[in-house]
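> Mapping to the working numbering: the sequence shown position 89 is 89, numbers consecutive.
All C-beta atoms, glycine included, are put in the ideal place defined by N, C-alpha and C.
Next up is a structure, given as C-alpha cells.
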Amino acid sequence: MECVICSNRIRSSESHNAEPITTGRCCSRCNVQFVLPARLSVVFNIPATEVWDVVSDSLADLEKMLTAPSIGNSQELNERRTQIEEGGGSIEEDLIQ
Ligand SMILES: [Zn+2]
C-alpha cells in the first residue's frame, strides 16, 4: 500500500490512521511529522507547526541519546575501573573525597 500523504510504499501493519490530515493510511514518518502534531494542536489549541518544533527537538535529543556511548562503556569509567583493579584506589576513597 501507499502512504496517502507522501506516497511512499508501506506495509499495512506499519500504517497509521492519517486523520485529521486526510483519510486513509500513512507511513510512520508522516504520522510523527504531520498527523500527531495536527491532533495535538487541536488538544492544546496551538499551531501544528509549534507542536512539530517540540517533537523534532525531542527526536533530535532521542537520537543523540541512542547514538551516544552508554555510561557503562564510557572511557572515563573504564579508566577508573582499571585504576581500581590495579590497586590505585577504591570506590570508598572516591566517596570520602
Ligand atoms: Zn508518508
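1. Can you give the Cα-Cα distance for threonine 22 and cysteine 3, rounded to whole angstroms?
2. What does DSSP give as the partner residues of asparagine 17 in its beta bridges?
3. Give a yes or no on whether 7 Å exceeds the smallest Cβ distance from cysteine 3 to chain C.
4. Is there at least one non-hydrogen atom of ligand 1 closer than 6 Å to the beta-carbon of arginine 5?
5. What's the gap between the Cα of arginine 39 and the Cα of serine 58?
6. CB-CB under 8 Å to leucine 36, same chain, minus the five flanking residues each way: which ones, in chain order?
7. With a CB to CB cut of under 6 Å and the five nearest residues on each side skipped, what residues in its chain are close to asparagine 31?
8. Can you tell which of Arg11, Gln83, Glu86 has the C-alpha that lies nearest to the C-alpha of glutamate 28?
Reading it off the structure:
1. 11 Å
2. Arg25
3. In the structure shown, chain C cannot be found, because there is only a single protein chain.
4. With the sequence shown as reference, residue 5 is identified as isoleucine, and arginine is not the correct amino acid for it. It does: the Cβ of isoleucine 5 is within 6 Å (strictly closer) of some heavy atom of ligand 1.
5. 17 Å
6. Val51, Val55
7. His16
8. In the sequence on display, residue 28 carries serine and not glutamate. Cα-wise, what sits closest to serine 28 is Arg11.
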